[in-house]
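This report concerns only the one structure given below.
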Amino acid sequence: KLYFREYGDPYGPATPLLCLGGLTRNSKDFHALAKRHAAERRVICPDYRGRGRSAYDPDWRNYHPRTYLEDIRHLLAVCGIHKVTVIGTSLGGILAAALSVTMPSALAGVVLNDVGPDVDSSGLGRIITYMMDDTPLPNWDSAVATLKRIFPGVAAPDERTWRSIAEATYRLDENGKLRFDWDVDIVKPLVRTQEIEDLWPLFKALRPIPVLAIRGETSDILSIDTFARMNDALPQMVPLTVPGVGHVPSLNEQISIDAIHELLGRT
């Protein structure tokens, strides 16, 4: 069972928007963005298998981008979507690039949020470390404090925003404790494989369509060098750096809102 959120008119004339989250994230991250665009277009926000309200997979080997990609293809078929603009955060951006190879005629445009063909090992190591920690937390204050520690690049403007991030990250277990809202087994493919795939061909396949690439100024996942090389490889790419933000921009910054609106106007 795979869960997704749907906003807007499914029969509207504008190109639908597909929002794909980060490695541990779920559809809640895109709620504000989806509401902004629901008046003009259909917006689809899935939970990958093993996250949020989607079922956990009994075989951890299925927690792999190839499986997620197949799930997305099935989702588009179920929704009757033949052309889509994709906003992909982190892992979601890699999946968006992969769609440009597997379903090239389906992509109208792509927003890449703090992700590129080369992933900095320091940032990936930080993510893997917190993914493996399944320690339950007693209350929301503890959850917020933990998030501030493990997400140093998040520039939440106030405590209310941090609480919203916590509610999108944790779930209540059967004992009333807070746990991460993902299957901890999703980390196993990352720590058990030594294979590093060359992602540049996927990203170069985005050349025929409009691309907006967003980078957090202090990101430990997408380096300045990789960002510059992406711009060289994709001449049509519009680069945007969000100041004072690391991994990842929320896409609720005004500079991001304006840039996404401009790209959607071209797709």
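When the letters of the sequence shown are read in order and numbered with the numbering used here, they come out as residues 49 to 315. The beta carbon of each residue, even a glycine, is placed where N, CA and C say it ideally should be.
Distance, residue j Cα to residue i Cα
{"i": "G292", "j": "G70", "result": "20 Å"}
{"i": "S304", "j": "S271", "result": "19 Å"}
{"i": "C93", "j": "F52", "result": "5 Å"}
{"i": "D182", "j": "S298", "result": "24 Å"}
{"i": "T133", "j": "G141", "result": "12 Å"}
{"i": "R256", "j": "L117", "result": "It should be noted that the sequence gives Pro, not Arg, for residue 256. Using only the alpha carbons, I get a separation of about 20 Å."}
{"i": "I135", "j": "N223", "result": "36 Å"}
{"i": "T150", "j": "K252", "result": "13 Å"}
{"i": "A281", "j": "K225", "result": "47 Å"}
{"i": "D105", "j": "T115", "result": "11 Å"}
{"i": "V91", "j": "G56", "result": "6 Å"}
Continuous beta strand (DSSP E) stretch holding residue i: start and end
{"i": "A156", "result": "155-161"}
{"i": "L260", "result": "259-264"}
{"i": "I12", "result": "Outside the modelled stretch of the chain, which goes from 49 to 315, sits residue 12, for which no answer is possible."}
{"i": "S228", "result": "It is Phe, not Ser, that sits at residue 228 in the sequence shown. Residues 226-228."}
{"i": "R53", "result": "52-55"}
{"i": "R84", "result": "Not the beta strand (DSSP E): R84 falls in the alpha helix (DSSP H), residues 79-85."}
{"i": "P287", "result": "286-290"}
Cβ shell of residue i (< 7 Å), same chain only, five flanking positions each side left out
{"i": "E265", "result": "T289, V290, P291, G292, V293"}
{"i": "R227", "result": "D182, P184, Y218, R219, D221"}
{"i": "A80", "result": "N300"}
Residue i classed as buried or exposed, judged by whether at least 16 other C-beta atoms fall within 10 angstroms
{"i": "T49", "result": "Residue identity differs from the one stated: residue 49 is Lys in this sequence, not Thr. So K49 counts as exposed."}
{"i": "Y96", "result": "buried"}
{"i": "K83", "result": "exposed"}
{"i": "M179", "result": "buried"}
{"i": "P64", "result": "buried"}
{"i": "S102", "result": "buried"}
{"i": "I234", "result": "buried"}
{"i": "A193", "result": "exposed"}
{"i": "V126", "result": "exposed"}
{"i": "D306", "result": "exposed"}
Residue i, enclosing alpha helix (DSSP H) - first and last residue
{"i": "F275", "result": "272-281"}
{"i": "I234", "result": "Note, I234: premise wrong, no alpha helix (DSSP H); not H, not E."}
{"i": "R208", "result": "207-215"}
{"i": "L65", "result": "Not the alpha helix (DSSP H): L65 falls in the beta strand (DSSP E), residues 65-68."}
Spatial neighbours of residue i in its chain, beta-carbon cut-off 6 Å, leaving aside the 5 residues before and after
{"i": "L247", "result": "P165"}
{"i": "W285", "result": "It should be pointed out that residue 285 corresponds to Met in this sequence rather than to Trp. Only V259, A261, N279 meet the Cβ criterion."}
{"i": "P287", "result": "A261, N279"}
{"i": "F275", "result": "R263"}
{"i": "F78", "result": "C67, C93"}
Own chain, CB closer than 8 Å to residue i, minus 5 neighbours either side, in chain order
{"i": "G100", "result": "Y51, N74, S75, K76, D229, W230"}
{"i": "P249", "result": "V149"}
{"i": "I120", "result": "L66, L68, P94, L143, L147"}
Contact test: residue i Cβ vs the ligand NAD heavy atom, cutoff 6 Å
{"i": "T72", "result": "With respect to the ligand NAD, the structure shown offers nothing to examine, as it has no ligands at all."}
### Message
Threshold first: 3 residues or longer. Then list the beta strand (DSSP E) segments lying entirely within the stretch 110-197, N to C.
### Response
132-137, 155-161
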